[in-house]
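Working notes, structure below.
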Amino acid sequence: TNVMEAKNVKLKYGSFEALHGISLAFPAQKLTALIGPSGCGKSTFLRCLNRMNDDIDDINITGEILLEGKDIYHSHIDLVALRKKVGMVFQQPTPFPFSVFDNVAYGLRIAGVKDKDLIEQRVEESLKQAAIWNETKDSLQRNALAFSGGQQQRICIARALAIRPEVVLLDEPTSALDPISSSEIEETLMALKQKYTFIMVTHNLQQASRVSDQVAFLMNGELIESGSTQEMFLSP
Ligand code: ADP
Ligand code: ADP
2 TNVMEAKNVK LKYGSFEALH GISLAFPAQK LTALIGPSGC GKSTFLRCLN RMNDDIDDIN
62 ITGEILLEGK DIYHSHIDLV ALRKKVGMVF QQPTPFPFSV FDNVAYGLRI AGVKDKDLIE
122 QRVEESLKQA AIWNETKDSL QRNALAFSGG QQQRICIARA LAIRPEVVLL DEPTSALDPI
182 SSSEIEETLM ALKQKYTFIM VTHNLQQASR VSDQVAFLMN GELIESGSTQ EMFLSP
């Protein structure tokens, strides 16, 4: 089944059309890689999927983006409800300048969760899922910015997972990291596919071939080709 589906999505920044009608379905518990040259519209498209673009001036988006069958632009889903279902991880690790615990608890608190035990339990589980528990369990009150870049990115992954989203969007999540941190994060994402649906922008074809199940190639705002990673990369 598909958790999300984009249908004929067109996006204009002013008079410049950055997306020319993208249709793509995102199967549950799979990782879809969005690839293509710089400027082809990968980030723009990714940001449509949780309405991150909304506050840009003079933007015009048409078409449909369905989340569990409901159009996120035209149904009554509000942004808080949407962000509970669709989490996001950025290229630059961007923890907030406060403790590891408060970073990971952030989304839960916005969502109105008050139960302290539940918050503690979720923080621990999420840090474990992001494979950063061992390095943080004795320093949960330490400022997240005191950790290394790779560790900060894992804290951001834990922060995205804490709300238990259906879908996690990742915008080049490893391209600011060293090769070891990068491959460790790839392993973490692969291990989490049973629990989450991932949609990841990457400009790294090798990374896409290693971690993704489905690949979509964009060029100049158009979807040129999409299909299973197996067929695209691994067939003789
Ligand atoms: P990619 O992620 O593939 O590098 P982007 O989605 O960032 O591509 O950009 C696609 C195109 O849209 C580029 O031509 C870029 O300059 C343009 N663009 C991106 N964001 C904006 C914006 N806020 N306003 C105007 N043009 C934008
Ligand atoms: P990244 O490569 O990390 O996606 P970019 O350098 O493409 O970052 O874009 C950084 C920010 O600038 C994004 O929020 C994007 O929307 C915006 N942006 C990109 N291109 C343009 C543009 N031509 N005009 C205005 N804003 C842009």
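Going by full-length UniProt numbering, the sequence shown runs without a break in its numbering and finishes at 237.
Quick reminder that beta carbons are idealized off the backbone N, C-alpha and C, glycines included.
Sequence-distant residues of its chain with Cβ nearer than 6 Å to residue i (five each side left out)
i: T137; result: V101 and L128
i: A132; result: T189
i: N9; result: G22, S24 and G64
i: G151; result: L178 and S182
Best match in the options for proximity to residue i [C-alpha to C-alpha]
i: K11; options: F17, R110 and H21; result: H21
i: K71; options: W134, F97, N3 and D55; result: N3
i: C49; options: A163, D139 and L171; result: L171
i: I57; options: K85, H75, D103 and G15; result: G15
i: R155; options: M5, L190 and L119; result: L190
i: K86; options: K196, D139, S24 and A147; result: K196
i: I66; options: Y74, Q130 and D59; result: Y74
i: T45; options: L68, K13 and F27; result: K13
i: D59; options: S182, E18 and A29; result: E18
i: F130; options: A159, F148, S149 and D139; result: Correcting the residue type first, residue 130 is Gln in the shown sequence and not Phe. When only C-alpha atoms are compared, the closest one is A159.
i: Q30; options: T175, T198, D55 and D79; result: T198
Beta-carbon proximity list for residue i, same chain, < 7 Å, skipping 5 on both sides
i: T95; result: C157
i: Q93; result: A177
i: V124; result: F102, V105, A106 and A163
i: G222; result: E18, A19, L20, H21, C41 and G42
Three-way DSSP call (helix, strand, coil) for residue i in this model
i: F102; result: helix
i: V114; result: coil
i: residue 253; result: Lying before the first or after the last residue shown, residue 253 is absent from the chain, which here runs from 2 to 237.
i: M53; result: coil
i: residue 316; result: Examination of residue 316 is not possible in this model, given that the chain is present from 2 through 237 alone.
i: I164; result: coil
i: P180; result: helix
i: I133; result: coil
i: S19; result: Note that residue 19 is Ala in the sequence shown here, rather than Ser. A19: strand per DSSP, three-state reduction.
i: K11; result: strand
i: I66; result: strand
i: Q231; result: helix
i: E185; result: helix
i: F148; result: coil
Residue burial classification, residue i (beta-carbon count within 10 angstroms, cutoff 16)
i: V212; result: buried
i: E173; result: buried
i: G42; result: buried
i: R143; result: exposed
i: S76; result: exposed
i: F99; result: exposed
i: L235; result: exposed
i: G228; result: exposed
i: A225; result: Note that residue 225 corresponds to Ile in the displayed sequence, not to Ala. Classification of I225: exposed, given that the 10 Å Cβ count is below 16.
i: Q215; result: buried
i: A192; result: exposed
i: Q208; result: buried
i: P166; result: buried
i: N135; result: exposed
Sequence-distant residues of the same chain with beta carbon closer than 8 Å to residue i, five excluded per side
i: A161; result: G88, M89, V90, G108 and V169
i: V81; result: I111 and A112
i: L146; result: P96, P98 and Q153
i: residue 241; result: This structure does not reach residue 241, given that the chain is present from 2 up to 237, and the question cannot be answered.
Within-8 Å CB hit, residue i to chain C
i: I186; result: Here there is only one protein chain, and chain C is not present.
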